[in-house]
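To keep things clear, I will list the structure first and then write my remarks on it.
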Amino acid sequence: MNNKNIRVRFAPSPTGYLHVGGLRTALYNYLFAKHFGGKFILRIEDTDQSRKVEGAVENLIQTLHWAGVEYDEGPDKNGGSGPYIQSQRLPIYQDHAKELIQKGNAYYCFCSPERLAEVKNKNKELKLPFSYDRHCRNIDPAEAQRRVAAGEPYVIRMKMPLEGELMFDDVIRGSVTIGFNVLDDQVLIKSDGFPTYHLAVVVDDHLMGITHVIRGEEWLSSVPKHILLYQFFGWDVPVMAHLPLLLNPDKSKLSKRQGDVAVEDYRTKGYLKEALVNFIALLGWNPGDDREIFSMEQLVQEFSLERVGKSGAVFNVEKLNWLNQQHLRLKPNDELVSMMKPLLAEKSIIIHDETYLASVIELLKDRLTFPQDFVNISDYFFTDPKEYDEAAIKKHWHAETPSLMRQFADLLEGLPNFSHDALEASLRSFAEKLQLKTSALIHPARLALSGKSAGPGLFEMMAVLGKETVVRRLRTATEKISAA
RNA sequence: GGCCUUAUCGUCUAAGGGUUUAGGACGUGACCCUCUCAAGGUCGAAAUACGGGUUCGAAUCCCGUUAAGGCUACCA
């Protein structure tokens with residue numbers, strides 16, 4: 046097969062939000078398709094009317110778009126294989142189910158939910174591997190047709206072989222064998238006329254020309270049902286690839302109770318899409334060498350199903366944080382400027398001078414994990430400090446300090462060149478003249494300028510703040526801190 | 001319960017029978033750098049679940065045990 050003809054899909058149910066596990070499945074599909082120049086399709090599997098959530102599809106689309114996982118065909122991007130929403134394809138499933146009935150591969154079942162529950166319980170007690178007793182399997186087809194015509198409620202079930210086994214190959218798992226004797230006569234069409242997942246997925250994957258089914262491991266044990274359906278219809282079976290699951294720290298399947306699972310949660314917490322995508326890509330896949338920082342383009346370039354692992358991966362936020370920091374500092378300053386402006390505005394800090402902002406960002410960007418961190422550590426670059434760190438006062442502000450700071454301010458006021466090097470030279474010579482250690486000036490000066498004891502180097506800080514501000518703050522501090 | 005899958009440092013993982021005193025990264029400890037805090041650098045602690053085979057040789061292949069997860073719906 047020509048690689049360019051590769052077609053894969055991400056087929057979520059719209060249950061409210063995009064799960065990070067779902068994002069990874071979507072990402073792997075996307076990377077696989079783009080790597081080979083194939084097509085990535087978004088299909089909405091909304092066959093369960095009871096789980097319908099308003100606005101879920103829009104939310105899903107928006108979140109995928111945010112993450113940069115762009116599909117070639119989908120509900121709002123017709124590629125000729127639509128509709129891409131299963132609830133809009135009902136007649137297609139009906140026709141295919143009827144075809145199966147005609148071929149003798151499926152049958153009408155009239156069992157009531159009550160009877161089904163009873164049988165299921167009984168079979169469970171008897172420790173039988175299936176829950177349905179195939180009660181309607183041998184009803185005469187003509188008789189069944191008559192009952193259907195008479196309006197009796199029914200479902201359509203597929204006829205599983207009574208014995209034998211099915212072996213199939215999975216790109217990630219290798220060969221898997223499952224015996225038919227543990228498989229139920231799967232419902233294909235529900236009593237409300239909607240298809241179940243199993244029918245819909247096979248029909249749509251075939252009709253949409255899907256060549257590779259890449260999805261979560263939870264589907265591995267239903268593959269025989271699907272392959273059987275392909276065979277009933279006389280269709281080619283796509284290549285199967287079942288991805289390992291994402292896990293909680295306690296190794297159970299990643300769930301809401303143990304942390305955030307919605308992609309939007311991470312987004313609102315300040316995680317960059319670049320970091321999330323990079324992190325999630327590495328949960329189950331690796332490039333085969335020591336590289337860890339990847340852009341989407343690099344992932345497309347490097348990705349292969351052969352390098353996807355088999356075992357579940359714990360979603361560990363620590364590493365995600367580190368990646369967020371790495372990707373944050375990789376961003377060019379002008380992009381950071383437009384990222385920080387609205388965040389600062391929330392704290393009523395309005396930026397008029399973007400060049401100034403950029404120089405502050407340059408000074409602080411290495412110490413950010415989240416964009417929001419910048420707001421918290423940069424306040425004194427935009428307003429004079431209102432208070433001074435108590436512990437720092439105790440440690441660095443001595444009886445003679447105010448006088449020193451005043452002299453230092455006077456000295457700086459007359460400095461023609463306010464560069465880092467000039468500032469350092471003048472502080473050092475000042476300290477030498479007074480026979481002081483430089484730290485006796487540096488620490489109180491930082492406190493006076495920023496109100497804090499931690500921050501960037503003093504000379505860089507002064508150069509960015511500018512002469513006027515520096516001199517003013519040094520003088521103000523001698524009054525404010527002494528008074529306190 | 002049955003069926004399927006999985007099993008390397010705390011976590012993500014590399015090592016495709018000999019290149020391995022099992023490598024990297026996050027986290028963690030110490031140290032260096034230094035005006036503080038970060039960043040950066042150096043060094044350290046830290047793993048092949050267990051038991052049998054196969055083989056001259058096993059983290060790697062086979063079997064069993066154990067553990068974990070998935071499925072077992074007219075949910076996906």
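So this note's numbering is basically just the index in the first sequence, starting at one, shifted up by 45. For glycine and all other residues, C-beta sits at the position ideal for the given N, C-alpha and C.
- With a 10 Å radius around the Cβ and a threshold of 16 neighbouring Cβ atoms, residue 212 comes out exposed.
- When C-alpha distances from residue 344 are compared across 328, 356, 108 and 65, the shortest belongs to 328.
- Put simply, the segment 162–182 does not touch the segment 131–149. Fewer than three CB pairs are less than 8 Å apart.
- Comparing alpha carbon positions, the residue from 62, 252, 354 and 490 closest to residue 448 is 490.
- Contact between residue 233 and residue 241 holds: CB atoms are separated by about 6 Å, below the 8 Å threshold.
- In the displayed model, residue 83 falls within coil according to three-state DSSP, outside both helix and strand.
- Residues of the same chain with a CB within less than 6 Å of the CB of residue 73, apart from the 5 flanking positions on each side, are 259 in chain order.
- For secondary structure counted as the beta strand (DSSP E) over 3 or more consecutive residues, the segment 208–280 holds these complete runs in sequence order: 210–215, 219–224, 232–234 and 257–261.
- The residues 326, 344, 345 and 348, in chain order, have a CB closer than 8 Å to that of residue 76 in the same chain once the five nearest residues on each side in sequence are set aside.
- About 12 Å separates the beta carbons of residue 153 and residue 204, which is beyond the 8 Å limit, so they are not a contact pair.
- Cα atoms of residue 80 and residue 515: separation of roughly 54 Å, rounded to the nearest angstrom.
- Assignment of residue 180 by DSSP, reduced to helix, strand and coil, places it in the coil class.
- Going by DSSP, residue 288 is part of the beta strand (DSSP E) stretching over 284–288.
- According to the DSSP assignment, residue 306 belongs to no beta strand (DSSP E), since it is labelled neither H nor E.
- C-alpha of residue 409 to C-alpha of residue 501: approximately 7 Å in a straight line.
- Across the set 324, 334 and 388, the C-alpha of 324 shows the shortest separation from the C-alpha of residue 363.
- Straight-line measurement puts the Cα of residue 277 at about 33 Å from the Cα of residue 105.
- Residue state for residue 433 is assigned as coil, using DSSP reduced to three classes.
- In its chain, beyond the 5 residues on either side, 382 have a beta carbon closer than 6 Å to the beta carbon of residue 399.
- Under the three-pair Cβ rule at 8 Å, the segment 284–291 counts as touching the segment 64–72.
- Annotated as proximal: residue 495 and residue 430, with beta-carbon spacing under 8 Å.
- Going by C-alpha positions, residue 434 is about 36 Å away from residue 318.
- For residue 353, no alpha helix (DSSP H) segment is defined, and its DSSP state is neither H nor E.
- Secondary structure remark: continuous alpha helix (DSSP H) runs of at least 4 residues inside the segment 110–181, in chain order: 135–148 and 158–170.
- Taking all protein chains in view, the Cβ of residue 198 is surrounded by fewer than 16 other Cβ atoms within 10 Å, so the residue is classified as exposed.
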